[in-house]
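**Q**
In our numbering, the protein residues as written are 55 to 249.
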């Protein structure tokens, strides 16, 4: 993240996203595939690291193999195989939804993972129970722990969508979009932007 200043001198926190150029690698239609969709590819990949099926698929679109391929359903845009979509298509857009994979935080206890408050007071000999989950509520009946019980476990690494982020600035010569606020995932991760 970084920040930009408005003309009034107000600092706005922004995230810089490289958004393109994306190549249209497949156009699916109701007649051929049963639904309408556009497949976009981003980020070049060496041909020696690609399988033959990938190489052939991208060769139809007239491009080199790519690392990230995403399909967008029910798109009304008139595009053809091999077209290149850049950030200039976002010129009239004010708000976007950004989805990605959140940062993985490893194995966490229930206080950090779910915001439990712990046991609280340290009376009655509770010398090491401050960040414990407390009772689980299962006694002789039902004699089991229900699925989905909030307990310690692996945290992060989930698909997250942040809605209605405003576009502060577009830099078309570098294919950059400056979005107000934070987006999911670490630096260098892939994101999907939709309006």
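Every residue gets a Cβ at the ideal spot worked out from N, C-alpha and C, and that includes glycine. All values derive from a computational prediction rather than experimental measurement.
Verify whether the separation of the beta carbon atoms of residue 173 and residue 73 is less than 8 Å.
**A** no
**Q** Using the rule of at least 16 other Cβ atoms within 10 Å of the residue's Cβ for burial, across every protein chain shown, is residue 239 buried or exposed?
**A** buried
**Q** Label residue 247 either buried or exposed according to how many other C-beta atoms from any shown protein chain fall within 10 Å of its C-beta, with 16 as the threshold for buried.
**A** buried
**Q** Applying the criterion that 16 or more other CB atoms from any shown protein chain within 10 Å of the CB defines a buried residue, is residue 109 buried or exposed?
**A** exposed
**Q** Give me the Cβ distance between residue 251 and residue 183, rounded to the nearest whole Å; I'm assuming they're in contact under 8 Å.
**A** The structure shown does not extend to residue 251, since the chain is modelled only from 55 through 249, so no value can be given for it.
**Q** So, residue 241 versus residue 219, is the Cβ gap smaller than 8 Å?
**A** no
**Q** Below 8 Å between beta carbons: does that hold for residue 140 and residue 67?
**A** no
**Q** Of all the options 245, 97 and 212, which has the alpha carbon lying nearest to the alpha carbon of residue 160?
**A** 212
**Q** Around the Cβ of residue 119, are there at least 16 other Cβ atoms within 10 angstroms (buried) or fewer (exposed)?
**A** buried
**Q** Identify the residues that DSSP records as bridge partners of residue 93: which are they?
**A** 80 and 125
**Q** Would you verify that the beta carbon of residue 144 is, or is not, closer than 8 Å to some beta carbon of chain B?
**A** Here chain B cannot be found, since the structure has a single protein chain.
**Q** Looking at C-beta atoms only, is the number of pairs between the region 146-159 and the region 191-203 that lie closer than 8 Å three or more?
**A** Taking a cut-off of 8 Å on C-beta distances, the region 146-159 does not touch the region 191-203, as fewer than three cross pairs fall below it.
**Q** Terminal residues of the continuous beta strand (DSSP E) containing residue 246?
**A** 246-248
**Q** In terms of alpha-carbon separation, which member of 59, 171, 224 and 83 lies closest to residue 133?
**A** 83
**Q** If you compare alpha carbons, which of 203, 229 and 164 is closest to residue 143?
**A** 229
**Q** Just to check my reading of the structure: residue 81 and residue 95 have Cβ atoms closer than 8 Å, yes? What is that Cβ distance to the nearest angstrom?
**A** Actually they do not touch by this definition, with Cβ atoms about 13 Å apart.
**Q** What residues match up with residue 58 in a beta bridge as DSSP calls it?
**A** 66
**Q** Compute the Euclidean distance between the alpha carbons of residue 114 and residue 197, then round it to the nearest angstrom.
**A** 59 Å
**Q** Residue range of the beta strand (DSSP E) that residue 134 falls in?
**A** Unbroken run through residue 134: none, as it is neither H nor E.
**Q** Which partner residues does residue 151 have in the DSSP bridge list?
**A** 248
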